[in-house]
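Just so you know, we're using the working numbering here: the sequence shown kicks off at 175 and counts up by one.
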Amino acid sequence: MAPSLDKTSLPLNDGTKIPAIALGTWKSENKDAANAVKIALQNGYKHIDTASIYGNEEGVGQGIKESGVKRENIYLTTKLWNTDHVNPEAALDKSLEKLGTDYVDLYLIHWPISIDDERAAKAEDYDFIQTYKALQPLVKTGKVKSIGISNFTKERVQKLLADKDVTIKPVVNQIEAHPLLVQPELTDYLASEDILVEAYSPLGSDGSPLLNNPVVNELAEKYGANSGQILISWAVQRKTVVLPKSVHEQRIIDNHKTVEFSKEDFEKLTNLSGKYGVHRTNNPPWNVFN
175 MAPSLDKTSL
185 PLNDGTKIPA
195 IALGTWKSEN
205 KDAANAVKIA
215 LQNGYKHIDT
225 ASIYGNEEGV
235 GQGIKESGVK
245 RENIYLTTKL
255 WNTDHVNPEA
265 ALDKSLEKLG
275 TDYVDLYLIH
285 WPISIDDERA
295 AKAEDYDFIQ
305 TYKALQPLVK
315 TGKVKSIGIS
325 NFTKERVQKL
335 LADKDVTIKP
345 VVNQIEAHPL
355 LVQPELTDYL
365 ASEDILVEAY
375 SPLGSDGSPL
385 LNNPVVNELA
395 EKYGANSGQI
405 LISWAVQRKT
415 VVLPKSVHEQ
425 RIIDNHKTVE
435 FSKEDFEKLT
445 NLSGKYGVHR
455 TNNPPWNVFN
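Here it is as structure tokens:
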């Protein structure tokens, strides 16, 4: 395998640092999540990403406990679900209890929309700015070290930052990002505001055409890596946090190994959507991207 990137950590705008590669746990049931987290932490990962809606926070907490790694050496992220926007602290307390910890390193608004139920009924009387303002006091409680956002468009980030009562800038915006969804305008804007991008679905999600893309496969052969490692390495080389998910031991281990591209090869991946088209895999019925 070619020389690896420095993937240790990236600085956040509140003075803290975040490990560049996290184990994603979306679609992992408690038992599988516990095993995956244990494997990841015992093989060099320092960052675990979960969410209340994933239904696996108890499994994540169990995996942390079984790993033998001290809590202070783990960066733990969870997220506020859409039905809990009116009382984020109560939702956080439930997450902390399930995770078996008294704090998380990062707490995110999962989606910039409040809904009345698990379907698409909007709670029109509550918006994401109110929700974010309710997250800010949680930092002083010690239950949360940093706060951020997820699935926010450029326009929504601008609206959030323009509010005079927003006194703590989000440290990250977690979005879908991979070579078929580069989102350059949003990414450049976030960089200008010193807000880090976290990339979920870095392999293009399940059944992704990216894993069999000829350019990706060509680079995998050139760098002595697999297709997943190529895509994860691209995200790390962009200076984004990347969240590959797996419950398979060897894949978890492989996903933490990166390579460093030449400028030409990095650009090949960055420009992939020009030839193969833009491909968004996660677009729920709330129309937040339209």
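Cβ atoms here follow ideal geometry from the backbone N, Cα and C, with glycine treated the same way.
What residue from T305, L354, P458 and N456 has the CA that sits closest to L446's CA? Here residue 446 refers to the residue found at position 272 of the sequence shown. Here the closest residue by C-alpha is L354.
E372 bridges to which residues according to DSSP? The count along the sequence shown starts at 1 and reaches residue 372 at position 198. When DSSP reads this structure, E372 sits in a beta bridge with Q348 and V415.
Ends of the alpha helix (DSSP H) at S420? Sequence index remark: in the sequence shown, residue 420 carries index 246 (1-based). Where S420 is concerned, there is no enclosing alpha helix (DSSP H), given that its DSSP letter is neither H nor E.
Tell me which residue opens and which closes the alpha helix (DSSP H) that S469 is part of. No statement about residue 469 is possible, as the shown extent of the chain runs from 175 to 464 and does not include it.
What is the rounded straight-line gap between the Cα of N461 and the Cα of Q236? Within the sequence shown, numbered from 1, the residue matching residue 461 stands at position 287. Within the sequence shown, numbered from 1, the residue matching residue 236 stands at position 62. Their Cα atoms are separated by approximately 35 Å.
Could you name each continuous alpha helix (DSSP H) segment of 4 residues or more that falls completely within the stretch 231–291, going from the start of the chain to the end? For the stretch 231–291, whole alpha helix (DSSP H) runs of length 4 or above, ordered along the chain, are 231–241 and 262–273.
Segment contact, 8 Å Cβ cut-off, at least three pairs: the stretch 196–209 with the stretch 409–418: The stretch 196–209 vs the stretch 409–418: in contact.
Local Cβ density within 10 Å of P262, reported as buried at 16 or more and exposed below that: Here residue 262 is taken as the residue at index 88 of the sequence shown, counted from 1. Buried, since its Cβ has 16 or more Cβ neighbours within 10 Å.
Name the two residues that bound the continuous beta strand (DSSP E) containing P388. Numbered from 1 along the sequence shown, position 214 holds the residue referred to as residue 388. Where P388 is concerned, there is no enclosing beta strand (DSSP E), although the alpha helix (DSSP H) it sits in stretches over P388 to Y397.
Close beta carbons around I427, own chain, < 7 Å, minus the five adjacent residues each side: Counting from one through the sequence shown, the residue named residue 427 turns up at place 253. Within the same chain, and ignoring the five residues on either side of I427 in sequence, the residues whose Cβ sits closer than 7 Å to its Cβ are N217.
Is it the case that the stretch 303–314 contacts the stretch 370–386, given that we only count it when at least three CB pairs across the two stretches are under 8 Å? Verdict: no, contact absent.
Who are the Cβ neighbours of L254 in its own chain at under 8 Å, not counting the five residues just before and after it? By one-based count along the sequence shown, residue 254 stands at place 80. Correct list, in chain order: S226, P262, A265, L266, Y281, L282, I283, H284, T305 and L309.
Starting from H453, follow its DSSP beta bridges and name the residues at the other end. As a first step, residue 453 must be located in the sequence shown, where it is residue number 279. H453 is not bridged to any residue.
Rounded to the nearest angstrom, what separates A207 and T252 at their Cα positions? Here the question's residue 207 lines up with position 33 in the sequence shown. Here the question's residue 252 lines up with position 78 in the sequence shown. Cα-Cα distance, rounded: 14 Å.
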